[in-house]
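Undergrad:
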Amino acid sequence: MAYEHTLSIIKPDATSRNLIGKIIQLFEGNGLSISACKMLTLTQEQGKEFYIEHKERPFYDDLVSYISSEPVLVQVLSGEDAIAKNRQIMGATNPADAEAGTIRALYAESIDRNSVHGSDSTQSAKREINFFFPDFT
Ligand code: CMP
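Start counting at 1 in the sequence shown, then tack on 88, and there's your number in the numbering used here.
(1) How about T181: is its Cβ closer than 7 Å to a heavy atom in the ligand CMP?
(2) Rounded to the nearest angstrom, how far is the Cβ of A180 from that of A186, given a contact under 8 Å?
(3) Is D200 close to the ligand CMP? I mean its beta-carbon at under 7 Å from any heavy atom of the ligand.
(4) So the candidates are D223, A124, R215 and P222; which of them puts its Cα closest to the Cα of E141?
(5) Does the Cβ of T94 have 16 or more other Cβ atoms within 10 Å, making it buried, or fewer, making it exposed?
(6) How would you call R192, buried or exposed, if buried means at least 16 neighbouring beta carbons within 10 angstroms?
(7) Got a sec, what are the start and stop residues for the alpha helix (DSSP H) L130 sits in?
(8) Using only CA atoms, which one of A213, L128, D169 and V160 lies nearest to I111?
(9) Can you tell me the Cα-Cα spacing of V204 and A124, whole angstroms?
(10) Rounded to whole angstroms, what's the CA-CA distance from A90 to A170? Just pull it up for me.
(11) My output table needs one value for E116: the three-state DSSP class, helix, strand or coil.
(12) Taking 7 Å as the cut-off, is the C-beta of L151 nearer than that to any heavy atom in the ligand CMP?
(13) When every heavy atom of the ligand CMP is checked, does at least one fall within less than 7 Å of the C-beta of F138?
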């Protein structure tokens, strides 16, 4: 086990339904701590850059519009195996496949409006944390 940091986004579908508190309760209740946190509305340019790895995917334009549409809460979550743990707590990308009790099973509306994002590797965690929190150490 390694102590890690990972980037989490509570997405527009969740912030707009007042689910921030319930989602944070699941992170904190499952052993993750919030080390940094801010609320902002991404510009289209920020949305494009953040999701650049999906540039060639057919859903890219819709994904960028959606993530930039309303405020999001971005956080650094920290703890033992934080990257994998956060992904377990979130559940599968498509809520139809998400395990019972996970954030996406509980709250996501669809694969596009799936309530949360979490870094999927050490490398992406570094890049994504630096994207929103350049001074985070
Ligand atoms: P996220 O973890 O934020 O990473 C990229 C997002 O693209 C993903 O969550 C989904 O909300 C969205 N998305 C839309 N369609 C798809 C798809 N077919 N496969 C994967 N992700 C998709």
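Glycine residues also receive a C-beta, built at the ideal position from the N, C-alpha and C atoms.
Since this is a predicted model, take the numbers as computed values, not measurements.
TA: Quick look at the numbers:
(1) Under cutoff, so the answer is yes.
(2) 4 Å
(3) yes
(4) R215
(5) By the neighbour-count rule (16 or more Cβ atoms within 10 Å), T94 is buried.
(6) buried
(7) L130 -> no alpha helix (DSSP H), and no H or E assigned at all.
(8) V160
(9) 16 Å
(10) 8 Å
(11) helix
(12) yes
(13) no
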